[in-house]
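Numbering (our numbering), first residue to last: 17 to 765.
Shown next, in structure tokens, is the structure this report addresses.
Structure below.
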């Protein structure tokens, strides 16, 4: 019955076959049976079936074909039977079944088949000539077949052969099933060690121990289509106790067994981030972390790569400390350590294995090039103080610092180690006299400038000052041009402090077509634009860059035209046309929303001035609480709210009616928006003060306990508005008044 369950609906030559037990065997056989195979493809002939199933056993007798002229539906079909010896087990020992063969004869001239007549045993004499044997022609292809199989385990993975496994464009008969196919695995490989595999998957040591007591060699047996051992499975599933028990039964060499992916059990423990399992395996065999797989990777490399998904610094440091083979320290490992941010581990390994840098000039240059393309390893390349992962946790230990403190400390250590690493590599390059190959061959300075890593430039210029005059041969760029093109203001300020930097760029003083100002006129990279919130502020930043470079240019070169006969300012307006339109829309939308609030505040506070709290004296019309201090607070705050809301309203109205020229985004429009937001914020605050003073006048004598909570709640809207608009307000002030791209002594340069 197990064979029926396994074979039924498995695709053979593109069609799922149907497997049933022959009628004469349904009650008498438990281990195997004559199986009737139906729904065969018309292209499947006897030779194909013979070649296919001979891969699983020895066919005892030649296939027999019996033609059924018509089925119940009146369609013609072919069927045939054949007998197979029992399938070989995983150990290769054949198991001979008792007589399971039989044959059914049909009368081709009848509408329905005749009563089945069993054949003699396969071990007895062949059937007598008196039996009517149906002859068939070579073109009569079978649509059904029968054969003998043995029982298989109940739990079989749902694997199917590829429907195109026998595709042959030349029209020749397809080959038999490969021993690497899933069908071969189902029929001949899996069934013997299935209990051990299931026990390893479930972590059931009792079942596995019983199986290993009966068959001690099974501890290194290959399980499943991946050729894993039980140790591999336990490491992959994370069953630590099962793995420890298996390790006690195995020797050191057994732990080095690899599966079809060339992985040891340690590498699966590393992939799963199971430090306890990895420690158990390495304590048994210290060579495991120093072995390379077919791809040249080591367990440490796999741990580093997996840390991109789940940060596991403890695993990485443990494997690094257990690494003693310098051959493990490959370029792939160095690359993985750099891009994942384990520069502290890399620095530790370079100190242990200095030959990686000293024995090869290219290794040092390649490492520095990798560092120049990973800005997150340096302070200048970080845009926030948050790490995307948590390195440690203070859960259960109140004496530990909070997680964000650990994250800041981890980031500072990462930046410090990155700088130490750059110093080490640059010093090694200069020591080997490989400046040309190291710094310019790999375009390290250009990559560092493009990435905005000023730390690398400072170290390189300190060790080799003449590098500041480097001009990239393939791109014809100077470092100053690269800094301007990528909008890295810190590098720009750093470079223009050295007056000699101007000497290497002839476009400052000579009449050339495309000047540095033309390159500034192009649109900034999208990543740099998105670092500024608000499209109008992005446009403002672009104009600031243009004006800063314009101040550095020689006066006669400012109006130079490029190959398209465009000056730098004309090119700027063309390149930033869409950004200017988007900035105009952003300014108008912001002004519209804020102007509605200003209008409401103006209306409310204006009406409140004539409907004073407590009312007026009926005789002279003077407010009843005129001499109250609370009334004075109300009057002053109401007046201030009215004046500030009107100011805000006028500022937002002026923004809506502005001309929106490119120059307006530099000062005019941002200043109006700053004044409008500041006035609006002040109007909201003073309006709520007037409201609180009114409540105090009305409720102070009767419901004094209500006054406190209401006063606190009255400041809630002010806080909400501040949280929503204050970041934008602060950034606008910094961008308009606090941001400068030129040093203070620019006029002296």
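Note that beta-carbon positions come from the ideal geometry of N, C-alpha and C, so glycine has one too.
No experiment lies behind these values; they were computed from the predicted model shown.
Nearest-angstrom Cβ-Cβ length linking residue i and residue j, presumed shorter than 8 angstroms
i	j	result
residue 366	residue 479	That belief does not hold up - the Cβ atoms of residue 366 and residue 479 are roughly 18 angstroms apart, past 8 angstroms.
residue 434	residue 393	4 angstroms
residue 674	residue 685	6 angstroms
residue 500	residue 510	Going by Cβ atoms, the distance from residue 500 to residue 510 rounds to 13 angstroms, so no, they are not a contact pair.
residue 537	residue 587	4 angstroms
residue 621	residue 701	Their Cβ separation, rounded to whole angstroms, is 12 angstroms, which puts residue 621 and residue 701 out of contact at 8 angstroms.
residue 461	residue 476	6 angstroms
residue 666	residue 505	With a Cβ gap of about 34 angstroms, residue 666 and residue 505 do not count as contacting.
residue 343	residue 384	Not really, about 22 angstroms apart at Cβ, beyond 8 angstroms.
residue 596	residue 678	6 angstroms
residue 676	residue 600	5 angstroms
residue 430	residue 361	That belief does not hold up - the Cβ atoms of residue 430 and residue 361 are roughly 11 angstroms apart, past 8 angstroms.
Beta-carbon proximity list for residue i, same chain, < 6 angstroms, skipping 5 on both sides
i	result
residue 310	278
residue 696	610, 614 and 664
residue 670	688
residue 649	709
residue 215	223 and 224
residue 285	251, 293 and 294
residue 727	708
residue 302	none
Nearest-angstrom Cα separation, counted from residue j out to residue i
i	j	result
residue 647	residue 589	56 angstroms
residue 239	residue 246	7 angstroms
residue 288	residue 267	23 angstroms
residue 340	residue 236	27 angstroms
residue 729	residue 698	18 angstroms
residue 703	residue 724	17 angstroms
residue 345	residue 372	8 angstroms
residue 713	residue 645	9 angstroms
residue 612	residue 604	12 angstroms
residue 532	residue 580	16 angstroms
residue 564	residue 337	51 angstroms
residue 258	residue 243	19 angstroms
residue 543	residue 467	11 angstroms
residue 748	residue 606	13 angstroms
residue 374	residue 448	8 angstroms
residue 113	residue 312	At residue 113, the pLDDT of 32 sits below 50, so the modelled position is not reliable; the number obtained from the coordinates is stated separately. Roughly 48 angstroms between the two C-alpha positions.
residue 662	residue 625	15 angstroms
residue 557	residue 668	22 angstroms
residue 377	residue 369	15 angstroms
residue 623	residue 744	31 angstroms
Contact set for residue i: own chain, Cβ-Cβ below 7 angstroms, skip 5 residues either direction
i	result
residue 722	715
residue 255	219
residue 390	354 and 355
residue 469	388, 391, 394, 396 and 397
residue 300	263, 268 and 271
residue 562	536, 537 and 588
residue 261	221
residue 566	533 and 574
residue 598	551
residue 321	352
residue 680	674
residue 217	249 and 253
Cβ-based neighbour list, residue i, same chain, cut-off 8 angstroms, excluding 5 preceding and 5 following
i	result
residue 304	271, 272, 280, 282, 297, 298 and 315
residue 347	379 and 382
residue 363	433, 436, 437 and 440
residue 234	209, 212, 227, 228 and 246
residue 330	291
residue 602	550, 551 and 552
residue 683	752
residue 660	695, 696, 698, 699 and 702
residue 465	473, 495, 498, 499, 502, 504 and 507
C-beta neighbour in chain B for residue i, strict 7 angstroms
i	result
residue 297	Structure shown: chain B not included; a single protein chain is present.
Under 8 angstroms, with one C-beta from each stretch per pair, do the region 574–588 and the region 545–555 reach the 3-pair mark?
The region 574–588 vs the region 545–555: no contact.
Below 8 angstroms, can you find three or more Cβ-Cβ pairs linking the region 646–660 to the region 731–746?
no
For a minimum of 4 consecutive residues, which ranges assigned as the alpha helix (DSSP H) are wholly contained in the region 550–592?
551–568 and 584–591
Could you tell me which uninterrupted alpha helix (DSSP H) segments, each at least 4 residues in length, are contained entirely in the region 239–321, listed from first to last along the chain?
246–253, 256–265, 281–287 and 291–300
4 or more residues per run - each alpha helix (DSSP H) lying fully within the region 643–723:
645–672 and 684–715
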